[in-house]
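If you use my numbering, the sequence shown closes out at 169, no skipped numbers anywhere.
Glycine residues also receive a C-beta, built at the ideal position from the N, C-alpha and C atoms.
Bear in mind the structure is a predicted one, so any value in this text is a computation, not a measurement.
In what follows, a structure is listed as structure tokens, so that the remarks can point back to it.
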Amino acid sequence: MLVKLISYSGDMYENQFVYTLKIRMAVSSLLMLHALSSETGDEVERFHSSAHVNNFETLDIRHYLIGEAIPGQGRAISTRRVPMNVAPLELARLSDLAATISTKKLATSRMKRLEVRVTAALGVIERGYLRHVHLTTRSKAENRLYQRLVTALDWFRASFGSK
7 MLVKLISYSG DMYENQFVYT LKIRMAVSSL LMLHALSSET GDEVERFHSS AHVNNFETLD
67 IRHYLIGEAI PGQGRAISTR RVPMNVAPLE LARLSDLAAT ISTKKLATSR MKRLEVRVTA
127 ALGVIERGYL RHVHLTTRSK AENRLYQRLV TALDWFRASF GSK
């Protein structure tokens, strides 16, 4: 899975909490769509799934890639590999994605409508978490609410774990 985001930083690890939050939200979104698409009982054919292919998956991500470019300069994107500054168990949890989704199923009008709603809801949670937990606004109630929502999403993700 590839997660694209735009951030500006001056220090190597200063935005890593944003990166891990983006990964957590992206995986939550994918797992919600997986659950919603499989509730009709349709199974993805084994032939069309990569779940049974030995791709030497290790269930870990030890680095992330940063591609940087200065807007308007027309220069090539420079990339660098940055080690993750996260506990090994958290890395394993971030990279554990045990879901199979049919692209044919995602193309249906029902799933497109659900995708928009799921993405919008997770976007509200992500923005609220960044605002009320990491930027520490004065609202203790909203701080607790968004911490609990993200914790609930973490437990939701864990319920789909491959192990």
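If only uninterrupted beta strand (DSSP E) runs of at least 3 residues are considered, those enclosed by the segment 82-159 are 84-89. In this structure, LEU112 sits away from LEU37, with a CB-CB distance that is not shorter than 8 Å. According to the DSSP assignment, LYS28 belongs to the alpha helix (DSSP H) that extends over 22-44. Burial of ILE29 is indicated by the presence of at least 16 other C-beta atoms within 10 angstroms of its C-beta. Rounded to the nearest whole angstrom, the CA to CA distance from ARG81 to LYS10 is 20 Å.
Under DSSP, GLY73 takes part in a beta bridge, and its partners are THR85. Closest option to PHE162, judged by alpha-carbon separation, among LEU120, PHE23 and SER35: SER35. Taking 8 Å as the cut-off, the Cβ atoms of VAL139 and GLN153 count as close. Per DSSP, reduced to three states, the secondary structure at PHE162 is helical.
Burial state of VAL156 is buried, judged by a 10 Å Cβ sphere holding 16 or more other Cβ atoms. The residue among LEU159, TYR25 and SER44 with its C-alpha nearest the C-alpha of ASN91 is TYR25.
Contact annotation: LEU42 and LEU159 have beta-carbon atoms that are not nearer than 8 Å. In this structure, the straight-line span from the alpha carbon of GLU45 to that of SER165 is close to 16 Å. Taking the C-beta atoms as reference points, LEU27 is found nearer than 8 Å to GLU132. Considering only ARG99, VAL124 and LEU141, the residue with the shortest C-alpha distance to ASN21 is LEU141.
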